[in-house]
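**Student:** Residues in the first sequence are numbered consecutively from 294, following the working numbering. Glycine included, each C-beta is placed from N, C-alpha and C at the ideal position. Okay, here's the structure, questions in a sec.
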Amino acid sequence: MQKFIYMEYDHRVVEQKWKQKWQIDGVYKVSNDFSLPKYYILDMFPYPSGSGLHVGHPLGYIASDIMSRYKRMSGFNVLHPMGFDAFGLPAEQYAIQTGVHPAVSTAENMERYRDQLHNIGLNYDWDREVITCDPSYYKWTQWIFIQLFEHYYCLNSNQAKPIKDLIQVFSHSGSLGCAAFGQDELNFTDEEWNQKGEKERADILMNYRLAYRKISFVNWCEALGTVLANDEIKDGVSERGGHPVEKKPMMQWALRISAYSERLLQDLNTVEWSESLKTMQRNWIGKSTGAQVFFPLQGRSDTLEVFTTRPDTIFGVSFLVVAPEHPLLKSLCTADRDQSVINYLNQVNKKTDRDKQSDVKNMTGVFTGSYATHPFTEQKISIWVSDYVLIEYGTGAIMAVPGHDLRDQAFANKFELPIIQVVDQSNETGASPEEKRGIMIRSEFLNGLQVQEAIVKAIEQIVAKKIGKEKVQYRMRDANFSRQRYWGEPFPVYYNSEGVCVAMDYSELPLELPRLEKIEVSKNGKSPLAEAQDWVHFAEGKTRETDTMPGYAGSSWYFLRYMDPKNTEEFASSSSLDYWQDVDLYIGGTEHAVGHLMYSRFWHKFLYDLGYIKTVEPFKRLVNQGMIQGMIESLALIKDSKPPKFISHELVSQYDEELIAYIPVHKDFVKNYGTPEAHLDQPGIEEFIKWRPDFKEALFVNSLESKTAHDLNSEFKIRTKTEVGKMSKRYHNVVNPDDVIAEYGADCFRMYEMFLGPLEDSKPWDTKGISGVSGFLKKYHQLFFNDNKELALIGEAPTPEMLKVLHTCIKKLRADLDAMSYNTSVSAFMICVNELRKLNCKNREVLLTLNKLLAPFAPFITEEIYQISGGLGSVHHQEYPIHNESFLESDSINYPVSVNGKKRYEWTVPKAMTKEELESSVLQLDEIKKWTENQNIKKIILVPGRMINIVI
RNA sequence: ACCGAAAUGGCGGAACUGGUAGACGCGCUGGACUCAAAAUCCAGUGACCUUUAAAGUCGUGUGGGUUCGAGUCCCACUUUCGGUACCA
């Protein structure tokens, strides 16, 4: 064998070499051989933020990388792609602040991300990269949008159908033949339809399209003159400047995901996701069965429609409540109540959703002045308005049963309204008033029935009286699909002179985003796109939509595009869709547990309905990686203060919590970052106002003095609030992996991230233990060489001890890989290397098998050793080792011997001993005798191979 | 407020279906090598009691329960993290 003289292992040189060579040799190119078994493993693609990839991203990426290498070494054709979720708000804000166009900054950020991902040694096939802001990609996002616009949901066949079919139905039999899922129940004849004008017909069709327009509410900030994302609001005020935010109704695009509620619910049973995640999705969909009931309004001919899950408690109704946005509210207000209702609405409008949610103890509301009639008892029932009723759920109105609903009860208590018990729960110990247990009382025809029976009977009577019917209600609402932003996919539609919305022809796609010279804060609630006059008014009498699509548009189907990313004729060819089918393993953060995953499932089902794909679910198995957390530092700002006033954190307790908003501060400005002593000093404050010029004139207050940035002295300190939380661009606390890799190498970084703990757990970032992994890799490398630094592998037969050590490790690794328990894999490798060192093992067969075993975890060092030891091709294309059970056997067993469950002795016995022999000889042991002497032995519990317990 | 998850030495964590709690690593302590330091190697390391050892007692967020036996199962609570649209 040729002697190889090695220098010290230099990860910089070795990693650089293999990064290039792998690319040139196409080691990670996905095979087009459709005869091999496929394995599709996907990472949630990142948003290319300006702060670069942070140490949290790679946690999942490394895990999927290990899995895809393992699967490839096990004979699968592996699809493991990467791309960018490249449209988004931060690039637009950056453009507003600096004038750099989002396309430019995004391209730069992506370049940086690619480098960073490359440095980690991830085995992506970059030829399949997908970028959501690339017109060749969003052409197909727009194409799917048009499909959604041109389809409705057919309730007969339970699938999407072309809107053309619905038009046919309307012109032949009017709304009578309509089995379409819609917002409102519309009634018209074929004759009426045929007489309607273009605009009226278009309005009717909007009620059924899967992509449609409706009035929804946005966060409006008057002071900034713009619409804000939830992300931009903190503690009820705008993050920029701390201005008040209110709700404003606007015409917006929405997607009718609610049509798919039942299928999204049912098909959860077919996927291999964690139970907790499926539970979260089920709760989000929130199916409930109940009744719709119409209460006649007094003094007028119409009714108020409510939804209830407890029709059995109808005799317990003591008042009705409508949501503040309810369409009938205005007409329900009597003249004398008008002003108090208006005052109330003003007050409600200022509260953010989260405020309302966290503040349920504090019930608010006012009486409208109107009454309804109880449909069974004919009693007069007062109608109230309160923000604890939501316009978006059910009918936006409820029948309040304070006896059996705790929120209704709180409301009744506060406003001294009657509380009527209608379920006798005296025989139901421990039952809460809301539980569906007990016997009906004070309820006429329901008296004496059990709650479950009463629900059925009540619905029967409601139907018989023609005042309502049984109804299934879903909590999930339609998704708002409009953003008043520039940096997103343009809607491929225009409005004609009648104001009718028309989809563009497929041949005209993509509709490219016009290049704006200057991007400014949106005005009057309109997107900055409205400034592109030539683009908006592109033809006589036609105007384009100026809203753009939200972030989840591009991410709802990208996993399909990876299958055939360069196709210009279709979003992906049917042959590639048929072969790759769906994602076998999807890894990503829990923060997407509902949003992204729900929308993707919806789009996937829609494309299934249209016949383009053959699977009903996109992600077969899904694993949520935990979050690598960071420290969030923020300054306490007094809301609405002019000039803005920041107070040191120790002073916060002196103020009402409601008055304080926390403004995140970049971690680099903070002294004693991440500790209780974290603060800004003079240079820190100067950096802070340079970074946030809107706070240039701000006042900084600590317990001694109050200063502006201009009259600071070097002693001045202002404490920041320190908390553990997301590492995110929002909190400016991102730690990049680059420095870690430069110092320790990618193999070490990869293994250290895995070694931190279980993949699913969240943990704060800390490099404390990294030297342990680094030391392991050094020891590993030394294993292959002698003291003269020559490759020192010996080609003789391995000893049984060596084989036992190796095969113990292989067995553990196989089990860990399948369970994705990579932290214990790293321990197993450490144990194996420690043992082989003790055995002074230089055996060629043993060490080169171990090298293949380690390859998915440490791709560089293993490739280098593989090459040095004379291997052909790449180690990453070798077969993954399989363990041989016969090497693991041992002829003795170690038993813990307990007395009354307390371990008293460790006992090593020959494996051949029978249960009877063990039971008799265990009592003869001196160490046991001393516990059992003069005691009555009740029984001996002996689990063979496990433990012995003597009960006295 | 609701949904979901987590809590084990000084620290990150291990413990398969209830069966030897603390694997592995960091840190710390002592030793070897060195003029010295770094690096490396060897040994020890949950707390308490004890001069030490042996032996023992306590110990997996808190309080109860089931069991021969509970970190693991059940009930109630506390704290932290993620999500959220007060879901009738």
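So T1015 and A971 are supposed to be a Cβ contact under 8 Å. How far apart are they, rounded?
**Tutor:** 5 Å
**Student:** Given this structure, state the Cα-to-Cα distance separating N917 from H350, to the nearest angstrom.
**Tutor:** 12 Å
**Student:** Indicate the three-state DSSP secondary structure (helix, strand or coil) for A1090 in the structure shown.
**Tutor:** Here A1090 sits in coil by DSSP.
**Student:** If I follow the unbroken alpha helix (DSSP H) through N1026, where does it start and stop?
**Tutor:** It is not in any alpha helix (DSSP H) - N1026 carries neither H nor E in the DSSP assignment.
**Student:** Could you check if K312 belongs to the surroundings of the ligand NAP, using beta carbon to heavy atom distance under 7 Å?
**Tutor:** Of ligands this structure carries none, so the ligand NAP is not represented either.
**Student:** Near I508, which residues of its chain fall below 8 Å by C-beta distance, leaving aside the five closest residues on each side in sequence?
**Tutor:** P542, M543, M544, Q545
**Student:** Which ranges does the beta strand (DSSP E) cover as unbroken runs of at least 3 residues, wholly within the segment 491-548, from first to last along the chain?
**Tutor:** 504-514, 519-521, 539-548
**Student:** Out of curiosity, what's the CA-to-CA distance linking I1230 and I1241?
**Tutor:** The straight-line gap from Cα to Cα measures roughly 13 Å.
**Student:** As a quick exercise: from F669, D303, T661, P620, pick the residue whose alpha carbon is nearest that of N636.
**Tutor:** T661
**Student:** Report the option in L1076, D1032, L503 whose CA atom is closest to the CA atom of I456.
**Tutor:** Here the closest residue by C-alpha is L503.
**Student:** Over what stretch of residues does the beta strand (DSSP E) that includes E1016 continue unbroken?
**Tutor:** For E1016, the enclosing beta strand (DSSP E) has its first and last residue at 1014-1019.
**Student:** In the DSSP assignment, find the unbroken beta strand (DSSP E) run with Y1198 in it and report its ends.
**Tutor:** 1195-1203
**Student:** Leaving aside the five residues before and after S934 along the sequence, list all residues of the same chain whose C-beta is less than 6 Å from its C-beta, in chain order.
**Tutor:** none
**Student:** Measure the C-alpha to C-alpha separation of S624 and Y664 and round it to an integer number of angstroms.
**Tutor:** 12 Å
**Student:** Classify F1069 as buried or exposed, calling it buried when 16 or more other Cβ atoms lie within 10 Å of its own Cβ.
**Tutor:** buried
**Student:** Where does Q461 sit, in a helix, a strand or coil, going by DSSP?
**Tutor:** helix
**Student:** Whole-angstrom Cβ separation of D877 and Y333, contact assumed at under 8 Å?
**Tutor:** 5 Å
**Student:** Within its chain, find whatever has a CB closer than 7 Å to the CB of P821; leave out the 5 residues flanking it on each side and keep chain order.
**Tutor:** Y779, L809, I812, E813, S815
**Student:** Consult DSSP for K859 and reduce its assignment to one of helix, strand or coil.
**Tutor:** In the structure shown, K859 sits in coil (DSSP, three-state: anything other than H, G, I, E or B).
**Student:** Please state whether the Cβ-Cβ distance between V262 and L973 is less than 8 Å.
**Tutor:** Given a span of 294 to 1245 for the chain in the structure shown, any question on residue 262 remains unanswerable.
**Student:** Determine the burial state of I752: buried for a count of at least 16 other Cβ atoms within 10 Å of its Cβ, exposed for fewer.
**Tutor:** buried
**Student:** From what residue to what residue does the alpha helix (DSSP H) around C1125 run?
**Tutor:** 1115-1131
**Student:** Quick check: what's the CA-CA separation for R630 versus P711?
**Tutor:** Their Cα atoms are separated by approximately 21 Å.
**Student:** Quick check on T1155: buried or exposed, where buried means 16 or more other Cβ atoms within 10 Å of its Cβ?
**Tutor:** That one is buried.
**Student:** Alpha carbon to alpha carbon, how far is F510 from Q826?
**Tutor:** 26 Å
**Student:** Can you tell me whether N1247 is buried or exposed, with buried defined as 16 or more other CB within 10 angstroms of its CB?
**Tutor:** Any question about residue 1247 goes unanswered here, given that the chain covers just 294 to 1245.
**Student:** Given L1165, which residues of its chain have a CB within under 8 Å of its CB, disregarding the five upstream and five downstream residues?
**Tutor:** none
**Student:** Using a Cβ-Cβ cut-off of 6 Å (strictly less than) and excluding sequence neighbours within five positions of T606, which residues of its own chain qualify?
**Tutor:** V694, H697, V715
**Student:** Taking C-beta to C-beta, are Q591 and T688 nearer than 8 Å?
**Tutor:** In this structure, T688 does not lie closer than 8 Å to Q591 by Cβ.
**Student:** Would you mind reading off the limits of the beta strand (DSSP E) that contains N1177?
**Tutor:** Note, N1177: premise wrong, no beta strand (DSSP E); not H, not E.
**Student:** Do you know how far the Cα of S675 is from the Cα of D595?
**Tutor:** 16 Å
**Student:** Does the separation of the CB atoms of S848 and T399 fall below 8 Å?
**Tutor:** No, the pair does not count as a contact, with Cβ atoms beyond the cut-off.
**Student:** Name the two residues that bound the continuous alpha helix (DSSP H) containing W636.
**Tutor:** Before going on, a small fix: residue 636 reads as Asn here, not Trp. Element bounds for N636: 631-643.
**Student:** Tell me, please, which residues DSSP counts as bridged to W677.
**Tutor:** V614, F660
**Student:** Among N789, E1094, G368, which residue has its Cα nearest to the Cα of K1131?
**Tutor:** Comparing C-alpha distances from K1131 to each of N789, E1094, G368 shows the shortest one belongs to E1094.
**Student:** Distance, Cα to Cα, E317 vs H411?
**Tutor:** It is worth fixing the name first, because residue 317 is Ile in this sequence and not Glu. Between I317 and H411, the C-alpha separation is close to 14 Å.
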